[in-house]
Amino acid sequence: MIKFLNCKIDISKGVFQPRIETEFWTKKAIEEIQNKTIGLSRRLKILDIFSGSGCIGIAVLKNVKNSFVDFVDFDRRAIEQIKANLELNGISDHYQIIRSNLFEKLKGRRYDFILANPPYVAQSRIFEVQESVLEEDPHLALFGGKDGMKYIRIFLEKVAGYLKKEGIFYLEFDPNQKQEIEEICHSQNLSVRFYQDQFSKWRFLRAHKAKQTCQNAQMPNVLKRNSKSEFRNNDQN
Ligand SMILES: C[S@@+](CC[C@H](N)C(=O)[O-])C[C@H]1O[C@@H](n2cnc3c(N)ncnc32)[C@H](O)[C@@H]1O
Numbered sequence: 001m002i003k004f005l006n007c008k009i010d011i012s013k014g015v016f017q018p019r020i021e022t023e024f025w026t027k028k029a030i031e032e033i034q035n036k037t038i039g040l041s042r043r044l045k046i047l048d049i050f051s052g053s054g055c056i057g058i059a060v061l062k063n064v065k066n067s068f069v070d071f072v073d074f075d076r077r078a079i080e081q082i083k084a085n086l087e088l089n090g091i092s093d094h095y096q097i098i099r100s101n102l103f104e105k106l107k108g109r110r111y112d113f114i115l116a117n118p119p120y121v122a123q124s125r126i127f128e129v130q131e132s133v134l135e136e137d138p139h140l141a142l143f144g145g146k147d148g149m150k151y152i153r154i155f156l157e158k159v160a161g162y163l164k165k166e167g168i169f170y171l172e173f174d175p176n177q178k179q180e181i182e183e184i185c186h187s188q189n190l191s192v193r194f195y196q197d198q199f200s201k202w203r204f205l206r207a208h209k210a211k212q213t214c215q216n217a218q219m220p221n222v223l224k225r226n227s228k229s230e231f232r233n234n235d236q237n
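In our numbering, the protein residues as written are 1 to 237.
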């Protein structure tokens, strides 16, 4: 059993083990989502795509009262693990679990927030990956094609079609991918800001559609300050 923010996460069905870098940005995303619910009468729609164990979406449901989460993964083991983890955390409603290849089964859906941790390890750098990781984590969860960008490219080309007008997305990536991601974002008319993780490595981005909202958009306070955690730390590692 792993702790992810204030959630219990089981990975015994053979899904990807959540990392503390993911926990780091998920906490910030949740703070932004919490702020967005203030004074809002409707439920915010969140997509946890590439959900694996479901850790990101479960943390959202546990910490944001007015949220509804769609969980999306292609791996059948992940679908079963998400169900088990929702139960483990006492969550019985305000979610849907969808087995889908990327956005394929999400036609017509629009989200306030999309949170994504895709497989992004470059197959060409497999020799740099620890043996224990290669043994324990499913390879479908680790590798994003030869350069690691396979899913990130598709995600960035399609994500705008699944965001509400003022929708925001967070995406985790490998530090080496920052420049190419920046170029793709510009070509897709996405307004993007990059952030470092707790180890000072470029690790995640926050972005939205560049038209209208972008020029006036500001970085949320949760990303400006180095805020102390209101969640318990992950004591794995
Ligand atoms: C790096 S893991 C992230 C898991 C979890 N969100 C986390 O942060 O710990 C990537 C996940 O993407 C899923 N995945 C791989 N290819 C996919 C695809 N084409 N469509 C949807 N999910 C996919 C894998 O099954 C895996 O669970």
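For every residue, glycine included, the Cβ atom is placed at its ideal position computed from N, Cα and C.
The model shown is predicted, which means the values in this text are computed figures rather than measured ones.
Beta-carbon proximity check, residue i vs residue j, cutoff 8 angstroms
i, j, result
"Ile97", "Ile114", "no"
"Tyr162", "Leu61", "no"
"Pro119", "Tyr151", "yes"
"Gln198", "Phe16", "no"
"Ala111", "Lys45", "Position check: residue 111 holds Tyr in this sequence, whereas Ala was assumed. The answer is yes: Cβ separation under 8 angstroms."
"Lys211", "Asn189", "yes"
"Ala116", "Glu172", "yes"
"Val121", "Phe143", "yes"
"Val69", "Ile33", "no"
"Lys178", "Phe155", "no"
"Ser67", "Arg43", "yes"
Cross-strand partners of residue i (DSSP beta bridge)
i, result
"Leu44", "Ser67"
"Ala116", "Ile49 and Leu171"
"His94", "Per DSSP, none; premise fails for His94."
"Phe204", "Glu172 and Tyr195"
Neighbourhood of residue i by C-beta, 6 angstroms cutoff - its chain only, sequence neighbours within 5 removed
i, result
"Cys55", "Phe4, Ile9 and Pro18"
"Phe74", "Asn101"
"Lys201", "Pro175"
"Lys13", "Arg77, Glu80 and Gln81"
"Ile91", "Leu61"
"Glu21", "Asp197 and Arg203"
"Phe50", "Ala116, Asn117 and Pro118"
"Phe71", "Asp48, Ser51, Gly54, Gly57, Ile82 and Ile97"
"Arg99", "Ile79"
Spatial neighbours of residue i in its chain, beta-carbon cut-off 8 angstroms, leaving aside the 5 residues before and after
i, result
"Cys214", "Low local confidence applies: a pLDDT of 46 at Cys214 is under 50, so the model's placement there is unreliable, with the coordinate-based value given in what follows. Correct list, in chain order: Ser191 and His208."
"Ser187", "none"
"Gln196", "Trp202 and Arg203"
"Val129", "Val121 and Leu142"
"Ala84", "Asp10 and Lys13"
"Pro138", "Gly14, Val15, Phe16, Asp75 and Arg77"
"Leu40", "Asn66"
Nonlocal neighbours in the same chain, by C-beta distance under 7 angstroms from residue i, ignoring five residues either side
i, result
"Asn216", "No answer about Asn216 holds up, because its pLDDT of 48 lies below 50 and its placement is not dependable."
"Gly145", "Gln123"
"Asn89", "Cys7, Lys8, Ile58 and Lys62"
"Leu86", "Gly54, Ile58 and Tyr95"
"Gly52", "Val15, Phe16, Asp73, Ala78 and Ala141"
Residue-level contact to chain C via CB, residue i, 8 angstroms cutoff
i, result
"Arg76", "Within the model displayed, chain C is absent; a lone protein chain is all it includes."
(message) Would you call the region 170 to 188 in contact with the region 202 to 209, where contact means no fewer than 3 C-beta pairs closer than 8 angstroms?
(response) Between the region 170 to 188 and the region 202 to 209, the count of C-beta pairs closer than 8 angstroms reaches three or more; the two stretches touch.
(request) Output the residue ranges of the alpha helix (DSSP H) runs that lie fully inside the region 132 to 196 and measure 4 residues or longer, sorted by chain position. (result) 139 to 142, 150 to 158 and 178 to 187
(request) Write down every uninterrupted run of the beta strand (DSSP E) in the region 3 to 42 whose length is 3 residues or greater and which is fully enclosed by it, in chain order. (result) 7 to 9
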